[in-house]
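Structure first, commentary second.
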Amino acid sequence: MSTVATIRRYRPPRLAYLTLLAVLFFSGFPLYFSLVVASQDNSALGRMPPPLLPGANLVDNVRRVFETVPFGAALVNSLIVSATITASVVLFSTLAGFAFAKLKFRASNTLLLLVVATMMVPAQLGIVPLYLMMIRFGWTDSLQAVIVPALVNAFGVFFMTQYLREALPTELLEAGRIDGAASHRLFWHVVLPVARPAAAVLGMLTFLTAWNDYFWPLVVLSSPDNYTVQVALSNLRSGYVTDFSLVLTGTLLATVPLLVVFGLLGRHIIGGIMQGAVKG
Amino acid sequence: MTTTRPAATVPPGAPSTGTPGRHRGPQGTSWQQRRYRWDVKGTPYLYIAPFFILFAVFGLFPLGYTAWVSLHDWSLLSDEQTFVGLANYRELLTDAYFWNALRNTISILILGTVPQLFFALIIAHLLTMRLRGQTFFRLGMLLPNVASVVAVAVIFSQLFGRDFGLINWVLESIGVGRIDWQAGTASSHIAIAVMIAWKWTGYNALIYLAAMQAVPRDLYESATLDGASWWRQLTSITIPMIRPTIIFTVIISTIYGLQIFAEPQLFAGGGQDTITGGSSRQFQTLTLYLYEHGFNRGFQFGYASATAWVMFGIIVVVAAANYLLVRRIRSSA
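Here the protein sequences come in this chain order: A and B.
Numbered per my numbering, the first sequence finishes at 560, counting up by one with no gaps.
Numbered per my numbering, the second sequence finishes at 337, counting up by one with no gaps.
In structure tokens form, the structure reads like this:
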């Protein structure tokens with residue numbers, strides 16, 4: 281009796297589907313609309329009602345974006361920045377996560393608490409001194425000014441610690457120790473293989489964040505050839521008369537790589553976000 | 005495990021076995037032991053060192069240094085930095101534009117966060133049901149989160165356009181009439197809040213979903229047998245059970261919301277409005293205010309740093325207040 285009741289109870293009412301479909305529509309529509317605008321010529325946007333279907337001008341608009349700002353350079357810059365940051369965050373977070381999750385050392389709890397506490401402090405608040413430091417180092421208007429401060433982050437360490445605590449069997453490490461393996465060998469041959477799924481998720485999240493970062497690159501980069509994609513976008517937007525089809529084509533170009541990654545790996549990203557959450 | 009066990013079984017080919025003579029002890033065992041002990045005691049610090057060194061230099065040091073800079077008349081335009089004590093703070097607290105920015109930030113924060121977390125709860129609750137195409141729905145919820153804030157701000161600025169925006173067209177067709185979203189205080193706050201909510205609702209729904217999956221099923225079963233409606237189940241079972249997660253999302257959203265920058269900056273049409281947050285500063289947020297003083301008008305680093313510290317103080321106070329409030333709500337329920 282109880283199985284029947286259970287099945288009936290959890291069969292979702294039609295209203296649930298309708299609500300979720302509506303949410304899905306509102307989630308997707310603005311992105312779809314950016315495609316619509318990006319494929320229209322600018323004069324079509326002055327019509328009422330506004331166009332709701334894609335037009336034929338996408339290729340032309342894309343060409344204009346690359347002519348108006350050094351967008352190719354911006355894409356390459358963003359790729360360099362995001363890839364470097366991702367590799368570094370994943371490596372250092374896994375190292376620190378391994379230490380916090382499985383190795384015993386003095387003050388480990390206090391240090392981990394410090395990591396978690398600083399997750400709550402917005403990095404933005406240190407922006408002025410960070411800028412002064414970059415002037416001192418002579419790094420302003422260079423990609424390393426964007427890359428170096430982001431090479432590690434507290435979230436990554438917290439995330440890897442959480443994952444390795446559960447996923448890495450302590451017996452496996454002990455067995456390795458008995459066989460005489462030093463820690464660095466344990467790291468390469470035991471920890472890294474186990475950490476691979478979490479490392480992939482952390483890598484994707486870090487890449488997304490680095491690719492989408494805006495405030496700090498805007499502050500520290502000043503010449504268009506050094507812009508990252510987001511700064512180049514805002515540059516397209518500024519000016520008294522906005523060519524919306526141009527701007528939204530740029531927006532689309534900057535978002536498409538992420539949408540592709542998301543389409544291919546979205547399941548894992550979702551798994552990662554749900555894993556990183558504080559559970560009730 | 006004890007420290008002596010590994011040394012008893014030296015693996016063939018371990019680097020140290022070839023150099024026993026360089027150390028005291030009959031067969032190099034003590035070298036093995038010492039190496040092992042050093043490995044166990046020292047390596048953890050080696051592993052966390054890269055993180056803490058970089059983090060200290062580029063994360064913690066600037067935070068403290070902000071306080072030092074905030075006590076100076078510190079500008080890019082002059083070589084000398086005069087110590088001025090709390091003058092920057094005094095000036096800040098008497099500046100009407102600062103209070104305006106604070107009001108705007110809090111208004112946008114509340115408009116953007118409260119409905120967002122409420123909808124996220126409902127969506128998560130729906131997602132716990134046995135749905136067909138579950139993965140599809142979850143992916144769809146997260147889609148907005150993949151777009152950058154710049155992309156979101158640009159797209160929504162077009163949607164909220166006064167003359168040719170889609171939203172005004174819809175409002176006009178249903179007889180409400182068009183709204184000049186950028187011009188008004190309330191309307192611009194609503195538009196910016198929509199951008200924030202659009203980007204983050206699905207993300208928070210997934211976090212709630214993760215927490216909800218840990219709630220024991222039989223609680224719902226007995227509640228259903230007692231005839232409790234889904235709304236009643238949500239408020240009496242789900243919400244109390246996932247309280248830590250709710251506190252977490254409230255605090256994170258608050259911290260994020262207090263730093264809003266890209267949305268208002270790009271929502272303004274162009275020119276100086278992008279820094280003042282509209283022609284009459286109707287949507288200038290605290291971070292825009294900081295940006296205006298630190299990186300636009302004469303690079304007043306001391307003044308901008310004072311703003312950063314006041315913002316930090318506000319964040320701490322608001323986060324603490326949130327924590328207490330959410331806890332209170334739970335215990336009275």
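In this text, a Cβ means the ideal position worked out from N, Cα and C, and glycines have one as well.
None of the values given here were measured: they were computed from a predicted structure.
query = Are any of the Cβ atoms in chain B nearer than 9 angstroms to that of I549/A?
reply = Yes, contact with chain B.
message = By alpha-carbon positions, which one of L333/A, F346/A, L375/A and R547/A ends up nearest to P48/B?
response = L375/A
ask   = Is the shortest distance between the beta-carbon of G483/A and the beta-carbons of chain B less than 9 angstroms?
value = By this cut-off, G483/A is not an interface position.
task = Compute the distance between the beta-carbons of L325/A and V158/B, then report whether it is under 9 angstroms.
result = no
query = Comparing the C-beta of M400/A with each C-beta of chain B, is any distance below 9 angstroms?
reply = yes
query = Quick one, are the C-beta atoms of Q186/B and F313/A less than 9 angstroms apart?
reply = no
request  = Compute the distance between the beta-carbons of A479/A and S358/A, then report whether it is under 9 angstroms.
outcome  = In this structure, S358/A does not lie closer than 9 angstroms to A479/A by Cβ.
query = Tell me which same chain residues have a C-beta within less than 8 angstroms of the C-beta of N300/B, skipping the five on either side of it?
reply = I279
key: Contact belief for L106/B with A310/B at Cβ below 8 angstroms, rounded distance in angstroms   = With 8 angstroms as the limit, L106/B and A310/B do not qualify as a contact, their Cβ atoms being about 14 angstroms apart.
request  = Since I believe Y494/A is in contact with S257/B (beta carbons under 8 angstroms), could you give me their beta-carbon distance rounded to a whole number of angstroms?
outcome  = 19 angstroms between Cβ atoms; not a contact.
ask   = At a Cβ cut of 9 angstroms, what residues of the region 401-414 of chain A count as close to chain B, listed as they run along the chain?
value = Near chain B, meaning a CB-to-CB distance below 9 angstroms, the residues of the region 401-414 of chain A are V401, P402, A403, Q404, L405, G406, I407, V408, P409, L410, Y411, L412 and M413.
query = Got a sec? Which residues, its chain only, sit under 7 angstroms from P497/A by beta carbon, not counting five neighbours each side?
reply = V426, T508, Q510 and V511
Alpha helix (DSSP H) runs contained entirely in the region 415-471 of chain A, provided each spans 4 or more residues = 423-427, 434-447, 450-458 and 463-466
ask   = Should A214/B and M399/A be called a contact, given that it needs their Cβ atoms to be closer than 9 angstroms?
value = no
key: Own chain residues within Cβ distance below 8 angstroms of T228/B, not counting five before or after   = Only Q237 meet the Cβ criterion.
query = Hey, does L238/B have any beta-carbon neighbour from chain A nearer than 9 angstroms?
reply = no
query = Tell me which same chain residues have a C-beta within less than 6 angstroms of the C-beta of L80/B, skipping the five on either side of it?
reply = F303
query = M484/A and I549/A look like a contact to me (Cβ under 8 angstroms); what is the Cβ gap, rounded to whole Å?
reply = 5 angstroms
key: alpha helix (DSSP H) segment containing F164/B, residue limits   = Segment: none, F164/B is in no alpha helix (DSSP H) and carries neither H nor E.
query = For the alpha helix (DSSP H) that Y312/A lies in, which residues bound it at each end?
reply = R294 to A318
ask   = Name the DSSP bridge partner or partners of S79/B?
value = Beta-bridge pairing links S79/B to Q304/B.
F62/B beta carbon less than 9 angstroms from that of V395/A = no
query = Would a check of beta-carbon distances place R41/B closer than 9 angstroms to chain A?
reply = Taking Cβ atoms only, chain A never reaches closer than 9 angstroms to R41/B, which makes this a no.
ask   = Should G543/A be labelled buried (16 or more other beta-carbon atoms within 10 Å of its own) or exposed?
value = exposed
ask   = Under 9 angstroms, do L392/A and T441/A count as touching if we go by C-beta distance?
value = yes
key: chain B contact residues for V431/A, given Cβ-Cβ distances below 7 angstroms   = A small fix is needed here, since residue 431/A is Leu in this sequence, not Val. Residues of chain B passing the Cβ test: L58.
Cut-off 7 angstroms between Cβ atoms - residues of its own chain near T2/B, not counting five sequence neighbours on either side = Any question about residue 2/B goes unanswered here, given that chain B covers just 5 to 337.
key: Exposure label - T390/A; buried when at least 16 CB within 10 Å   = exposed
inquiry  = Less than 7 angstroms between C-beta atoms, sequence neighbours within five positions excluded: which residues of the same chain meet that for L532/A?
reply    = S314, L315 and A318
key: For R182/B and W103/B, the rounded distance between their alpha carbons   = 30 angstroms
ask   = Does the Cβ-Cβ distance between L270/B and R517/A come in under 9 angstroms?
value = Their beta carbons are under 9 angstroms apart, which means L270/B touches R517/A by this criterion.
key: chain B residues whose Cβ lies nearer than 7 angstroms to that of R517/A   = Against R517/A, the close residues of chain B are V158 and L270, in the order they occur along the chain (beta-carbon pairs closer than 7 angstroms).
Local conformation of F287/B per DSSP, three classes = coil
key: Per DSSP, cross-strand counterpart(s) of F87/B   = H76/B
task = Give a yes or no on whether the minimum CB-CB distance between S152/B and chain A is below 9 angstroms.
result = yes
task = Using alpha carbons as the reference points, say which of A218/B, A197/B, E84/B and N149/B lies closest to Q263/B.
result = For the residues A218/B, A197/B, E84/B and N149/B, the minimum Cα distance to Q263/B belongs to A197/B.
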